[in-house]
Amino acid sequence: MNNFKGAKMLKKLLITISILSLAFFFFSCGSNNPFEPANEDYSLYFPLTPGSQWKYVVYPILKDGRKYEEWASYYNAFINSYVTILGKKASEFSFYTPTDTLKHKEYFAFEDNKIYTLLSYFFYFIPQGKEPDRWVVIADFNRKPGEEWMILKDFELYTEQLPPDKGIGKDIYYASLRCRRASDTTFNIKGKVVQATQFKFIYTYRILHIEVGTYPIDFRFDREETQTYWLAKNIGIVQKEYTFPFNFGIDSTLIIDRNHYELIDFTIK
Numbered sequence: 482m483n484n485f486k487g488a489k490m491l492k493k494l495l496i497t498i499s500i501l502s503l504a505f506f507f508f509s510c511g512s513n514n515p516f517e518p519a520n521e522d523y524s525l526y527f528p529l530t531p532g533s534q535w536k537y538v539v540y541p542i543l544k545d546g547r548k549y550e551e552w553a554s555y556y557n558a559f560i561n562s563y564v565t566i567l568g569k570k571a572s573e574f575s576f577y578t579p580t581d582t583l584k585h586k587e588y589f590a591f592e593d594n595k596i597y598t599l600l601s602y603f604f605y606f607i608p609q610g611k612e613p614d615r616w617v618v619i620a621d622f623n624r625k626p627g628e629e630w631m632i633l634k635d636f637e638l639y640t641e642q643l644p645p646d647k648g649i650g651k652d653i654y655y656a657s658l659r660c661r662r663a664s665d666t667t668f669n670i671k672g673k674v675v676q677a678t679q680f681k682f683i684y685t686y687r688i689l690h691i692e693v694g695t696y697p698i699d700f701r702f703d704r705e706e707t708q709t710y711w712l713a714k715n716i717g718i719v720q721k722e723y724t725f726p727f728n729f730g731i732d733s734t735l736i737i738d739r740n741h742y743e744l745i746d747f748t749i750k
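Under the numbering used here, read the sequence shown as residues 482 to 750, first letter to last.
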């Protein structure tokens, strides 16, 4: 019975991580492909029109590469409306599963062949009220295929003082973001063959822990997460994988390596 409860809790945790991290889902790194038309409208690779929506099936991939379809679930994205935030016209997205009572909201904008989102989107562990109010470029379609570039490096998110019962000191949270474009792949979406480009977004955060007193302590904790996804024109994300920074064990023989998302339906307005 305990193993059954543990498995249910683990499945719930995986779904929660999907909701918090998958906004990534819609963003990409960029390109400047010489074989593409010079007047290519790159906004078509990331639709932002209110009313557009996407539905995905999500399941874990085990360490040995097998799909663990017993834990398959569904994930939805919907564009609510246009809003203005920090001087940019943006679209408000809702991300949710069919069983969610609350929808997770995030904001994205497109300007000069670049896609923007708020930095706080990626670092959902930031305490409420401490989120950095700044837009960051998460996709630049002016970049060349195969190119990797840094978006943010060792950016200080916030500093948190240790509570009195824990000692005198502080935790400093830093973030780094980088992006890379890979090769094209074909997919069959609703009976139609489409071509999509693979992108990989890598985001890391570091916690520097400092304590002062009789026995000073100074150490750091680093964590890296990746999103690999495929963008298709007039659709958006057709497939995505999120690699966990640590392994989840269903049992001693079933170790989850990453979550896999496949597009099963969409409507673009």
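Virtual Cβ for every residue (Gly too), placed ideally from N, Cα, C.
Check: At least three beta-carbon pairs within less than 8 Å, the segment 659 to 667 to the segment 679 to 695; Outcome: yes
Check: 6 Å Cβ shell around I698 - same chain, five flanking residues per side excluded; Outcome: E692
Check: Own chain partners of T667 with C-beta closer than 8 Å, once the 5 adjacent residues on each side are dropped; Outcome: V674, V675, Q676 and A677
Check: Option in F702, G648, Q679 and V618 with minimal Cα separation from Y654; Outcome: F702
Check: Any non-hydrogen atom of the ligand FMN closer than 8 Å to P645 Cβ; Outcome: For the structure depicted, the ligand FMN is absent and the ligand set is empty, with no information on it obtainable.
Check: Inter-residue Cα distance where the pair is N557 and Y710; Outcome: 16 Å
Check: Residues bridged to N623 (per DSSP); Outcome: Answer is none; N623 lacks a bridge partner.
Check: CB contact flag (I542, R704, <9 Å); Outcome: no
Check: DSSP bridge partner residues for P541 (one or two, in chain order); Outcome: N740
Check: Through-space distance from Y639 to S512, alpha-carbon basis; Outcome: Because the pLDDT at S512 is just 42, under 50, the model does not fix this residue reliably, and the point stays unresolved.
Check: Distance between beta carbons of D621 and K595, contact taken as under 8 Å; Outcome: 5 Å
Check: Distance, P626 Cα to N514 Cα; Outcome: Legend: pLDDT at N514 = 48, less than 50; position of this residue unreliable, no value from coordinates given.
Check: Cβ pair A571, Y563 closer than 9 Å; Outcome: yes
Check: Which residues DSSP lists as bridging P685, in chain order; Outcome: In the sequence as presented, Pro is not what sits at residue 685; that position holds Thr. BP columns for T685 point to S657 and E705.
Check: Where L567 falls, given that 16 or more other Cβ within 10 Å makes a residue buried; Outcome: exposed
Check: Cβ-Cβ separation, V538 to I745 (assumed contact under 8 Å), whole Å; Outcome: 5 Å
Check: Residue environment, D642, which counts as buried when at least 16 other CB atoms sit within 10 Å; Outcome: The question names Asp, but residue 642 is Gln in the sequence shown. With fewer than 16 Cβ atoms within 10 Å of its Cβ, Q642 is classed as exposed.
Check: Integer Cβ distance of Y597 from V617, believed to fall under 8 Å; Outcome: 7 Å
Check: Integer Cβ distance of F591 from S524, believed to fall under 8 Å; Outcome: 5 Å
Check: S533 versus D545 - alpha carbon distance; Outcome: 36 Å
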